[in-house]
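In terms of full-length UniProt numbering, the sequence shown is residues 1 to 318.
Don't be surprised by glycine CBs; every beta carbon is placed ideally from N, CA and C.
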Amino acid sequence: MNENKRRDELYRLSSFLYQEGKLEVDKISFIKPNVFRVATIKGENLVLKSHRRKDVMEQQWAFFERMNYSNAVSFKYFPNEKMFIADKNNYWTIAPYIRGEKLNYNRKTDRQKAVEALKNFHSKATGIYIQQPVYRELFIIRWIQRLSLFKKTEHLFAENGFKSLYKDIVQTMETQLRYLEQFPWHFFEKEALQKGSWIHGDSASHNFIKNSQVYMIDFDLLHCTNQLYDYIQLGQRFLSYLNWDLDELLSYRMAEEMELKPWLYAILIPSDLLREWLYFLKSDSSTPIEEYLSQMEQSLSNRASFLKKAKLVLKSIY
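If you want it as structure tokens, here you go:
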């Protein structure tokens, strides 16, 4: 997009914000697609976001109105008391802009801050009930579906000389999914619904902002489910920064003793490799496929010793 076109679009957006929300904009700047930073005439700094799904946006509003936790950055009303303003199929919200920096999982202190922030959030995100929460498939079902999509890319592995890598990934996924299916996940889900337990849903480091405190942002994947899933995802994200050290991963004490076995079995599933591969194929990356697959092969190799040690630990857990 050229500079003049972007300037015109930002001007139209500023006019729309005043007309529909009585928000007086001093300056507006692009952060990423559908997300903007807004400075108001009154000196407020806000994050403006466009949502495609009205139900997801409304669920966040209902959740925030029932939860009292200042470190979860929630929406705020427009000056004319509207919760959101609409433009065709886009639903716009505002939230406070938090000054600070993203957590960096390469730093141990930041990893500890992420775990602590999630635990604090989970303690507040319990006993919250809203009408008609947005339904999301159980994570294990989503992983099975992801594997099905992955299998459709087999030809790319064959064409680039990585047929054995494809077979190794599929075998690992299918074997570990069978182990994971032995746990009563649907019971865990039902229990979470009864308790009104919620998760953030995306524990990527950029969703934690730190200054003197740690704040959590972007609740688009918020849903009512077993809170262990947040720690499964966080554990998977930590591993490459820990050099696949199981003892260090366990030192963060993400899972309670009774949950340790399903948590660890879930972490052994390389669902993140599949997610990143499918994202790579949809993106406009300049990285050649052969180079990407070589990196993927190395990543799978790095997991081998972790997998062996984790299986020994799992045998010792009753």
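For glycine 235 and aspartate 110, the rounded distance between their alpha carbons: 14 Å
Isoleucine 217 classed as buried or exposed, judged by whether at least 16 other C-beta atoms fall within 10 angstroms: buried
Distance between beta carbons of glycine 196 and tyrosine 129, contact taken as under 8 Å: Indeed, because the Cβ distance is near 5 Å, the residues count as touching under 8 Å.
Counted within 10 angstroms of its Cβ, other Cβ atoms place residue 321 as buried (16 or more) or exposed: The first residue shown for the chain is 1 and the last is 318, placing residue 321 beyond what the model contains.
Contact under 7 Å by Cβ, alanine 255 with asparagine 226: no
For serine 50, the residue or residues it bridges with in DSSP: Trp92
Rounded straight-line distance, which links the Cα of proline 270 to that of glutamine 171: About 11 Å.
Bridge-paired residues (DSSP) for threonine 40: Val25
Buried versus exposed, by CB contacts within 10 Å (16 or more), alanine 125: buried
Simplified DSSP assignment, three categories, for phenylalanine 30: strand
Nearest-angstrom beta carbon gap, tyrosine 105 and phenylalanine 238 [assumed within contact, 8 Å]: 6 Å
Simplified DSSP assignment, three categories, for aspartate 284: Aspartate 284: coil per DSSP, three-state reduction.
Anticipated Cβ contact below 8 Å, phenylalanine 165 with methionine 296, distance rounded: Checking the displayed sequence, the identity of residue 165 turns out to be leucine instead of phenylalanine. The beta-carbon separation of leucine 165 and methionine 296, rounded to 7 Å, stays under the 8 Å limit for a contact.
Endpoints, alpha helix (DSSP H) assigned at lysine 210: It is not in any alpha helix (DSSP H) - lysine 210 instead sits in the beta strand (DSSP E) that spans 208-210.
Close Cβ partners of phenylalanine 64 (< 7 Å) along its chain, the five nearest in sequence each way excluded: Within the same chain, phenylalanine 64 has close Cβ partners Ser74, Phe75.
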